[in-house]
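Numbering (this note's numbering), first residue to last: 6 to 418.
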RNA sequence: GGGAGAGUUCCCGAGUGGCCAAAGGGGGCAGACUGUAAAUCUGUUGCUUGUCAGCUUCGGUGGUUCGAAUCCGCCCUCUCCCA
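Below, the structure is given as structure tokens:
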């Protein structure tokens, strides 16, 4: 375990995590002098965590290693409402069942980064207290402390005031603030962490506790993961990059980081890996073509944290095999096809569909017309091409789509 | 509660009875150039189909019409003004 002597605040700052703090000096002081219980909330609005959550988990991990106690707050209650912060559109409402299922998935993924054994970290669900709230009581006890005028001036509501904000979402801040109060009372939690879009909500909680309890607690936000172009990171054409291997395979996950823009590599190393700063410094000297080596390190490290060392190695070998020489193909994405399915042969378009490389045959025709499909390294120029067992070498066949998408087809008995 | 508007393909946004699978931009995909980068240029971007063509789409639903994204009724959602 880490020692309190090493101040995790400095580490976070050095690595570029911190966006805003309620009281920088004080936070630094307590993090260096005592065991602090802190919390971060996660609303289970999808059935897997994604890269944005991952950054928060890394922070929690840094904190835990430094000897502090994390509380993971699952937003089983707040997810019923929907956080308007940073969103331009109204949230879709989730059912109770969906939320419970999602929360289960979250738990599994989080335990990879946070040690929940022996009470070293706690997981709670705000549904446990929010769902049973009495409306009038809540208004009288909590609602009185909030000024609508002030809330309306909060940055996080600005865009929503133009586009529309329903009353239910407007209440989100009160609920999150109440969570903090509750955790302060029950666990002596004195620090709330979150993405920078949570700043207003965190302030709400800090203010509430001061008013109700007369005590000072703290809040700190972290920069959102964005690309050098200011776009949210962790999005692909297919949607978010998920931590669930069923939704984003370790190979795809690895490739996402392997293909990151030059300008973002060092930032990602600092934020998403635990590599020591000295080493990152060294890597930041790499320029031009050499920067590819840094990208490999980034992809490997991040994949290792999320999917484990073994999967990271497989992903790396697969990528190397496909893009360079060496490594083995065994771990590249693949589809199996049986001899009976293959029969006397299968049309190239059907094969592409089977492998999930195209969403429709029209798309496949277009790709072939434009020269974007290769079978075993040969460009395909006939959309009626039949693939037969002759095309398989040792029951394997390699399809390439565009420059980077590789897929193996394995012929089984 | 009263009044005025709006809902278009992944997103923004044009389209006000046939020439609309629907302009333009963004994004995506592919090609060229590269370093599995960026920028740039080119092509492409509903489904089925070798071509012709056919099919499904413009908030929902029911009409009018030879023919509707476009007109009419009802419903849903959102925005604005008044209370």
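Using N, Cα and C, we set each Cβ at its ideal position, and we do this for glycine too.
Quiz item: In three-state DSSP terms, what is residue 413?
Solution: As a first step, residue 413 is located in the first chain; it is residue number 408 there, counting from the start. It is a strand residue.
Quiz item: Where does residue 8 sit, in a helix, a strand or coil, going by DSSP?
Solution: Reading the first chain from its first residue, position 3 is the one you call residue 8. Below a pLDDT of 50, predicted positions are generally treated as unreliable, and residue 8, at 45, falls in that range; the measurement from the model is reported next regardless. In the structure shown, residue 8 sits in coil (DSSP, three-state: anything other than H, G, I, E or B).
Self-check item: Host alpha helix (DSSP H) of residue 308 (start-end)
Solution: The residue given as residue 308 occupies position 303 in the first chain. Where residue 308 is concerned, the enclosing alpha helix (DSSP H) stretches over 296 to 312.
Quiz item: Since residue 311 and residue 258 are thought to touch, with beta carbons under 8 Å apart, how far apart are those beta carbons, to the nearest angstrom?
Solution: Reading the first chain from its first residue, position 306 is the one you call residue 311. Reading the first chain from its first residue, position 253 is the one you call residue 258. In this structure, residue 311 and residue 258 form a Cβ contact; the two beta carbons are roughly 7 Å apart against a cut-off of 8 Å.
Exercise. Could you check if residue 396 is buried or exposed, using at least 16 other CB atoms within 10 Å of its CB as the buried criterion?
Key: Taking the first residue of the first chain as position 1, residue 396 is located at position 391. Answer is buried; the Cβ neighbour count reaches 16.
Self-check item: Contact belief for residue 79 with residue 43 at Cβ below 8 Å, rounded distance in angstroms
Solution: Locating residue 79 in the first chain gives position 74, counting from the first residue. Locating residue 43 in the first chain gives position 38, counting from the first residue. Taking C-beta atoms under 8 Å as the contact rule, residue 79 and residue 43 fail to qualify, at a distance of about 16 Å.
Quiz item: Since residue 130 is in the beta strand (DSSP E), which residue starts that stretch and which ends it?
Solution: Taking the first chain and counting its residues from 1, one reaches residue 130 at position 125. Run containing residue 130: 127 to 130, per the beta strand (DSSP E) assignment.
Quiz item: Taking the alpha-carbon positions, what's the residue 338 to residue 84 distance?
Solution: As a working mapping, residue 338 is identified with position 333 in the first chain. As a working mapping, residue 84 is identified with position 79 in the first chain. Approximately 34 Å, taken between the alpha carbons.
Quiz item: Can you name the residues that DSSP bridges to residue 197?
Solution: Looking up residue 197 in the first chain gives position 192. Answer is 44, 224.
Quiz item: For residue 347, which option in 194, 286, 178, 393 has the closest C-alpha, if you only look at C-alpha atoms?
Solution: One-based indexing of the first chain puts residue 347 at position 342. Ranking 194, 286, 178, 393 by CA distance to the CA of residue 347 puts 393 first.
Quiz item: With respect to the alpha helix (DSSP H) encompassing residue 430, which residues constitute its N-terminal and C-terminal limits?
Solution: Here the chain covers residues 6 to 418 and nothing more, so residue 430 does not appear.
Practice problem: Give me whichever residues DSSP pairs with residue 339 in a beta bridge. | Solution: Here residue 339 corresponds to residue number 334 of the first chain, with the count starting at 1. DSSP lists 413 as partners of residue 339.
Quiz item: Applying the criterion that 16 or more other CB atoms from any shown protein chain within 10 Å of the CB defines a buried residue, is residue 6 buried or exposed?
Solution: Position 1 of the first chain, counting from 1, holds the residue named residue 6. With a pLDDT of 43 at residue 6, under the threshold of 50, the modelled position of this residue cannot be trusted, and the question is left open.
Exercise. Using 10 angstroms around the beta-carbon of residue 135, count the other beta-carbons present and answer buried if the total reaches 16, otherwise exposed.
Key: Reading the first chain from its first residue, position 130 is the one you call residue 135. Label assigned to residue 135: buried.
Quiz item: Which value, in whole angstroms, describes the spacing of the CA atoms of residue 251 and residue 218?
Solution: Counted from its first residue, the first chain places residue 251 at position 246. Counted from its first residue, the first chain places residue 218 at position 213. Each residue's CA atom was taken as its position, placing residue 251 and residue 218 some 45 Å apart.
Quiz item: Do the CB positions of residue 192 and residue 76 come within less than 9 Å of each other?
Solution: The sequence position of residue 192 within the first chain is 187, counting from 1. The sequence position of residue 76 within the first chain is 71, counting from 1. It is a contact, given that the beta carbons lie within the stated cut-off.
Quiz item: DSSP state of residue 58, grouped into three classes?
Solution: Here the question's residue 58 lines up with position 53 in the first chain. DSSP places residue 58 in helix when its eight states are reduced to three.
Quiz prompt | Contacting residues, own chain, Cβ-Cβ under 6 Å from residue 379 (five flanking each side not counted) | solution = For the purposes of this step, residue 379 is taken as residue 374 along the first chain, with counting starting at 1. Counting only Cβ-Cβ distances below 6 Å, and skipping sequence neighbours, we find 405.
Practice problem: Taking only the alpha-carbon atoms, compute the straight-line gap between residue 29 and residue 35 and give it to the nearest angstrom. | Solution: If you number the first chain from 1, residue 29 lands on position 24. If you number the first chain from 1, residue 35 lands on position 30. Residue 29 and residue 35: Cα-Cα distance of roughly 10 Å.
Quiz item: Can the beta-carbon of residue 201 be found closer than 9 Å to that of residue 182?
Solution: The residue given as residue 201 occupies position 196 in the first chain. The residue given as residue 182 occupies position 177 in the first chain. In this structure, residue 182 does not lie closer than 9 Å to residue 201 by Cβ.
Practice problem: Grab me the residues of residue 206's own chain with a C-beta within less than 8 Å of its C-beta, minus the 5 sequence neighbours each way, in chain order. | Solution: Within the first chain, the letter at position 201 stands for residue 206. Cβ neighbours of residue 206 beyond the five flanking positions: 88, 90, 161, 177, 178, 181, 182, 199.
Practice problem: Give the secondary structure of residue 51 by DSSP, where H, G and I count as helix, E and B as strand, and everything else as coil. | Solution: Residue 51 sits at position 46 when you count from the first residue of the first chain. Looking at residue 51 - three-state DSSP - the assignment turns out to be coil, as it is neither helix nor strand.
Quiz item: Out of 374, 69, 188, which has the shortest C-alpha to C-alpha gap to residue 121?
Solution: Indexing the first chain from 1 puts residue 121 at position 116. It is 69.
Quiz prompt | Helix, strand or coil at residue 137 according to DSSP, with G and I counted as helix | solution = Here residue 137 corresponds to residue number 132 of the first chain, with the count starting at 1. Secondary structure of residue 137 (DSSP, three-state): coil.
Quiz item: Per DSSP, what kind of secondary structure is residue 77 in: helix, strand or coil?
Solution: The count along the first chain starts at 1 and reaches residue 77 at position 72. Three-state result, residue 77: strand.
Quiz prompt | Three-state class that DSSP yields for residue 367 in the structure shown | solution = Locating residue 367 in the first chain gives position 362, where the first residue counts as 1. In the structure shown, residue 367 sits in a helix (DSSP, three-state: H, G or I).
Quiz prompt | Straight-line gap, residue 22 to residue 147 (C-alpha atoms, nearest Å) | solution = Locating residue 22 in the first chain gives position 17, where the first residue counts as 1. Locating residue 147 in the first chain gives position 142, where the first residue counts as 1. Straight-line measurement puts the Cα of residue 147 at about 32 Å from the Cα of residue 22.
Practice problem: Could you name the residues of the same chain whose beta carbon sits closer than 6 Å to that of residue 26, not counting the 5 residues immediately before and after it, in chain order? | Solution: Working through the first chain from its first residue, we reach residue 26 at position 21. The answer, listed in chain order, is 32, 225.
Quiz item: Any idea which residues DSSP pairs residue 288 with across the strands?
Solution: As a first step, residue 288 must be located in the first chain, where it is residue number 283. For residue 288, which the question treats as bridged, DSSP gives no partner whatsoever.
Practice problem: Leaving out five residues on either side along the sequence, give the residues of the same chain with a beta carbon under 7 Å from the beta carbon of residue 159. | Solution: As a first step, residue 159 must be located in the first chain, where it is residue number 154. Answer for residue 159: 205, listed in chain order.
Self-check item: Other residues of its chain near residue 131: CB distance less than 8 Å, five sequence neighbours each side excluded
Solution: Sequence index remark: in the first chain, residue 131 carries index 126 (1-based). Here the set comprises 46, 78, 79, 80, 81, 82, 83, 180, 184, 187.
Practice problem: Use the C-beta contact count for residue 279: other C-beta atoms within 10 angstroms, 16 or more gives buried, fewer gives exposed. | Solution: The sequence position of residue 279 within the first chain is 274, counting from 1. Within a 10 Å sphere around the beta-carbon of residue 279 sit fewer than 16 other beta-carbons, which makes this residue exposed.
Quiz item: Three-state secondary structure (DSSP) at residue 418?
Solution: Within the first chain, residue 418 is the residue found at index 413, counting from 1. When secondary structure is reduced to three states using DSSP, residue 418 falls in the coil class, being assigned neither helix nor strand.
Practice problem: Flag this pair as yes or no: are the beta carbons of residue 248 and residue 53 separated by less than 9 Å? | Solution: Against the first chain, residue 248 aligns to sequence position 243. Against the first chain, residue 53 aligns to sequence position 48. Closer than 9 Å, so yes.
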